[in-house]
């Protein structure tokens, strides 16, 4: 009679867990055995070097147009002609909208005719006055009549001009909001006009950095709309007050925008360069964080990896400043740190050499 051995689920789970732990530690054990047998772990290294290291202040700001306006009519009237398309680039003074103006034009024409007749009469009276055939009073009255008619024409010209919408400055138009035949009233938005040749960016920085900013100082802006592209500008205004709640101060910068890539409303990351120092730097990938401490593996002359504690300073993309723990020229492991133990033998390949081979 066959006998069956029963295994409890708990026993099976324990055995599986032990096997899994052994499996996880197997590579490390094999690695240790290889090192004891004289093997070496391949790693990529680079040398700690002293270089110019800019210290920057980072902030976020929203782009606004150098000049921006909502185009509106000054009088309530019917649209007679629309002389632009959505998104057009226009010049200063360019006619955009013409409202119904027959009455005003007729008034201007009437006054022009009256002025011409009054001036003819004035010239005739001047001739008579030279011959003492007309009095000085009659001459003065005719001059006053000409001046009055010309003043009336100035008013009529102004009223006629109010029935035209022109670009107050050069820029790019937005979307058209009216059509021919529609009634517009004062305050109705016909379109928008933005001067995008320069964009302004307002941003805040902590009062801690106030002494490090000045008018004319260079700034650099980036946008997620244009990855990898940087836009150069300069600080044009610094607020006279610090916010007592946030302890921040408002800064305004202007960024040239000849290609019109930047648009009002864009979120821009602003970098303000405080100063440039000579710093000992290494790639960020060389750091090994452990709690609140930072370590690197230094490769000595015997190709041994030595775990070294370092004190870090400022950061910039891809690089980290080292304040203490390293000296210029020391070789640190950049790739392969997870495979290395303190005192392990390594086969070091310079990072630049590896990149050239690739």
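In the numbering used here, the protein residues as written are 1302 to 1659.
For every residue, glycine included, the Cβ atom is placed at its ideal position computed from N, Cα and C.
Comparing alpha carbon positions, the residue from 1494, 1572, 1621 and 1624 closest to residue 1391 is 1494. At the C-beta level, residue 1646 and residue 1349 stay beyond 8 Å of one another. Boundaries of the beta strand (DSSP E) harbouring residue 1367: 1350-1373, taken from the DSSP string.
Rounded to whole angstroms, the Cβ separation of residue 1412 and residue 1464 is 16 Å, and the two are not in contact under 8 Å. Taken in chain order, the complete alpha helix (DSSP H) segments of 4 residues or longer contained in the segment 1614-1659 are 1652-1658. Distance between residue 1538 and residue 1352, taken at the CA atoms: about 32 Å.
Residue state for residue 1457 is assigned as helix, using DSSP reduced to three classes. By a beta-carbon distance limit of 8 Å, residue 1361 contacts residue 1504. Their separation comes to about 6 Å.
Within the segment 1499-1579, no alpha helix (DSSP H) run of at least 4 residues lies entirely inside it. Between residue 1531 and residue 1454, the alpha-carbon positions lie close to 55 Å from each other. Secondary structure of residue 1494 (DSSP, three-state): strand.
Around the CB of residue 1547, fewer than 16 other CB atoms lie within 10 Å, so the residue is classed as exposed. Listed in chain order, the non-local C-beta contacts of residue 1644 below 8 Å within the same chain comprise 1605, 1606 and 1607, local neighbours out to five positions each way being set aside. Counting of Cβ neighbours within 10 angstroms places residue 1492 among the buried residues, the total reaching 16 or more.
Residue state for residue 1595 is assigned as strand, using DSSP reduced to three classes.
For residue 1558, the number of other beta carbons within 10 angstroms of its own is at least 16, and it is reported as buried. The segment 1479-1492 and the segment 1368-1378 touch, with no fewer than 3 CB-CB distances between them shorter than 8 Å. Excluding residues up to 5 positions away in sequence, 1345, 1346, 1347, 1584, 1586, 1587 and 1652 lie with their Cβ nearer than 7 Å to the Cβ of residue 1635 in the same chain. DSSP, read as helix, strand or coil, puts residue 1581 in strand. One Cα belongs to residue 1445, the other to residue 1408, and the distance between them is close to 20 Å. When DSSP reads this structure, residue 1467 sits in a beta bridge with 1396.
In this structure, DSSP gives residue 1606 an extended state, which the three-state scheme calls strand. With distances taken between CA atoms, residue 1581 lies nearest to 1615 out of 1501, 1402, 1615 and 1317. Secondary structure of residue 1378 (DSSP, three-state): strand.
In the DSSP assignment, residue 1450 is bridged to no other residue.
Across the set 1393, 1400 and 1395, the C-alpha of 1400 shows the shortest separation from the C-alpha of residue 1381. Our two residues, residue 1482 and residue 1527, have alpha carbons roughly 42 Å apart in a direct line.
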